[in-house]
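So the sequences go chain by chain: A and B.
Residue 7 in this note's numbering sits at position 7 of the first sequence; the count goes up by one each step and never skips.
With positions in the second sequence counted from 1, the corresponding number in this note's numbering is that position plus 1000.
Glycine is no exception: its CB is placed at the ideal position from the N, C-alpha and C atoms.
Predicted model, so just to flag it, every value in this text is computed and none were measured.
There are 2 protein chains.
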Amino acid sequence: MSLSPLTNRLVEALTVLPGIGRKTAQRMALYLLEHNRNGGRQLAKCLNEAMERVGHCSQCRIHSEEPLCKICRNPSRDQSLLCVVESPADALAVEQSGSFKGIYFVLMGHLSPLDGIGPEQLGISLLVDRAAKGEIQEIIVATNPTVEGEATAHYIADSLREFEVTVSRIAHGIPVGGELEYTDGGTLNYAFSGRKHLD
Amino acid sequence: MSLSPLTNRLVEALTVLPGIGRKTAQRMALYLLEHNRNGGRQLAKCLNEAMERVGHCSQCRIHSEEPLCKICRNPSRDQSLLCVVESPADALAVEQSGSFKGIYFVLMGHLSPLDGIGPEQLGISLLVDRAAKGEIQEIIVATNPTVEGEATAHYIADSLREFEVTVSRIAHGIPVGGELEYTDGGTLNYAFSGRKHLD
């Protein structure tokens, strides 16, 4: 290998990025060194700042450098409608679809007893506390339609049974634009069991 | 958009990387924030160090934080055989093929009068100076087989005509594993005009 030691270390460091292997990292490192050193410096600065200062919203646990995130602070959001998701990326996907105007609660994972992730790690007691306050009318559980996501959804529904709050689950089925022919069995099962009457 | 301002700035900064759009940058930023803050800090450190300290070898212009790069310093490399390439990435590709044991000269581009890139910008006088010293026996011109690369190769050959040095050009033709059917006309032209006698 003819890369200089520092370049080599940069290539190694770039492979921490998801989906970036050694070959792509090498291309990135050489590109930055040859064509955009200022961009590289700026990236280093932003990385440092974000890694040190971005924390979690104390209420919904979305990434935020302030104690309360933009969504929780926003008075025009419906504070009686709460969407439970597994990760900040999931919340972001819901946000970007524009289909939800309530607030969020991020579990930061799903129940996974083998990995030592139980209800405490997911902060489900915080969720229960908020339901107990009586301000929330509906909790939409939008965990992923995986075994773990379903188990987590059922656990949440059980935990909230005693409160005056509607607990709902997002619909699973054939995605818009999808074709039956290429849809997996699990999704088809959901699609059939979740069928609706046509009026 | 529900990303916090700092996260947003990190996403923007990540898009300086080649081939990384906003969507991928967002996935990378969230991944680092959620799963690998230490990796992110380490990346920031390596980026800073590399951007500030990696320069160019004074002899061959390959990236190096020392005045002379590893290849130029290596006594087991053939100092009488010099390969001219357009970029450090090209030199790296040749290095990784293991087919060359001489030293390099990186032009950092190709002749492109419209962009104001002439022989001075490519350091061709440095190359001529080295040829004039008489230590180099053969100069292999490995610029890309593009119009600009070919023009650069011819310019270099002309500049070196007066010296006692063999100037050669790497072969162009059908790549190993390639098929005639899917080869473009330009490459086929090269392959036919560069044909060899079978012994």
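According to DSSP, simplified to helix, strand and coil, what is Phe1163 of chain B? For the purposes of this step, residue 1163 of chain B is identified with residue 163 of the second sequence, where counting begins at 1. Of the three classes helix, strand and coil, the one that applies to Phe1163 of chain B here is coil, per DSSP.
Taking DSSP as the reference, what is the three-state secondary structure of Ser193 of chain A? Looking up residue 193 of chain A in the first sequence gives position 193. The answer is helix: DSSP assigns Ser193 of chain A an H, G or I state.
Would you mind working out which of B:Leu1160, B:Tyr1190 and B:Gly1186 sits nearest Ile1170 of chain B, comparing C-alpha positions? Counting from 1 along the second sequence, the entry for residue 1170 of chain B is found at position 170. Comparing Cα-Cα distances from Ile1170 of chain B to each of B:Leu1160, B:Tyr1190 and B:Gly1186, the minimum goes to B:Tyr1190.
Do the CB positions of Leu1006 of chain B and Val54 of chain A come within less than 8 Å of each other? Reading the second sequence from its first residue, position 6 is the one you call residue 1006 of chain B. Reading the first sequence from its first residue, position 54 is the one you call residue 54 of chain A. Against a cut-off of 8 Å, the Cβ pair of Val54 of chain A and Leu1006 of chain B comes out as a contact.
So the alpha helix (DSSP H) Cys72 of chain A belongs to, where does it begin and stop? Stepping through the first sequence from its first residue, residue 72 of chain A is reached at position 72. Note, Cys72 of chain A: alpha helix (DSSP H), Lys70 to Arg73.
Closer than 8 Å at the beta carbon, the chain B residues around Glu86 of chain A: As a working mapping, residue 86 of chain A is identified with position 86 in the first sequence. The contacting residues do not exist; Glu86 of chain A stays about 11 Å from chain B at best.
Considering just the uninterrupted stretch of the alpha helix (DSSP H) at Ile1124 of chain B, what are its terminal residues? For the purposes of this step, residue 1124 of chain B is taken as residue 124 along the second sequence, with counting starting at 1. Residues Ile1124 to Ala1132.
Contained beta strand (DSSP E) runs [length at least 3] in the segment 1081 to 1117 of chain B, N- to C-terminal order: Restricting attention to beta strand (DSSP E) runs no shorter than 3 residues, the segment 1081 to 1117 of chain B encloses them at 1081 to 1085 and 1103 to 1106, ordered along the chain.
Can you tell me which of the three DSSP states His1154 of chain B falls into? Numbered from 1 along the second sequence, position 154 holds the residue referred to as residue 1154 of chain B. Looking at His1154 of chain B - three-state DSSP - the assignment turns out to be helix.
Three Cβ pairs or more, each shorter than 8 Å: is that satisfied between the segment 19 to 31 of chain A and the segment 1015 to 1024 of chain B? yes
Do you know how far the Cα of Glu181 of chain A is from the Cα of Asp158 of chain A? Position 158 of the first sequence, counted from the start, is the residue given in the question as residue 158 of chain A. Position 181 of the first sequence, counted from the start, is the residue given in the question as residue 181 of chain A. Roughly 36 Å between the two C-alpha positions.
With 8 Å as the C-beta to C-beta threshold (strictly closer), list the residues of the segment 130 to 154 of chain A near chain B in chain order. none
Quick check on DSSP: helix, strand or coil for Val11 of chain A? Taking the first residue of the first sequence as position 1, residue 11 of chain A is located at position 11. Three-state DSSP puts Val11 of chain A in a helix.
How is the beta strand (DSSP E) around Glu1138 of chain B delimited, first residue to last? The residue labelled residue 1138 of chain B in the question sits at position 138 within the second sequence. Note, Glu1138 of chain B: beta strand (DSSP E), Glu1138 to Val1141.
Can you have a look at Pro1088 of chain B and say buried or exposed, based on whether 16 or more other CB atoms are within 10 angstroms of its CB? The sequence position of residue 1088 of chain B within the second sequence is 88, counting from 1. By the 10 Å Cβ count, Pro1088 of chain B comes out buried.
For Ser64 of chain A, which beta-bridge partners are listed by DSSP? Position 64 of the first sequence, counting from 1, holds the residue named residue 64 of chain A. A:Gly55.
Integer-rounded CB distance, given that Val1141 of chain B should sit under 8 Å from Ala1153 of chain B: Counting from one through the second sequence, the residue named residue 1153 of chain B turns up at place 153. Counting from one through the second sequence, the residue named residue 1141 of chain B turns up at place 141. Ala1153 of chain B to Val1141 of chain B, Cβ: 4 Å. Contact.
Counting C-beta neighbours from all protein chains within 10 Å, is the total for Leu1043 of chain B 16 or more, i.e. buried, or is it exposed? The residue given as residue 1043 of chain B occupies position 43 in the second sequence. By the neighbour-count rule (16 or more Cβ atoms within 10 Å), Leu1043 of chain B is buried.
Could you tell me whether the Cβ atoms of Ile136 of chain A and Ser80 of chain A are closer together than 8 Å? The count along the first sequence starts at 1 and reaches residue 136 of chain A at position 136. The count along the first sequence starts at 1 and reaches residue 80 of chain A at position 80. Yes; because the gap between Cβ atoms is below 8 Å, this pair is in contact.
Distance, Arg1009 of chain B Cα to Ser174 of chain A Cα: Start at 1 with the first residue of the first sequence, and residue 174 of chain A comes out as number 174. Start at 1 with the first residue of the second sequence, and residue 1009 of chain B comes out as number 9. In the sequence under discussion, the amino acid at residue 174 of chain A is Ile, which differs from the Ser named in the question. Rounded to whole angstroms, Ile174 of chain A to Arg1009 of chain B spans 36 Å at the Cα level.
Considering only residues of the segment 17 to 49 of chain A, which uninterrupted alpha helix (DSSP H) runs meet the minimum length of 4 residues and lie entirely inside it, listed in chain order? Within the segment 17 to 49 of chain A, the alpha helix (DSSP H) runs of at least 4 residues that lie entirely inside it are, in chain order, 22 to 35.
Since Arg169 of chain A sits in a beta bridge, which residues does DSSP pair it with? As a working mapping, residue 169 of chain A is identified with position 169 in the first sequence. Answer by DSSP bridge pairing, in chain order: A:Val141.
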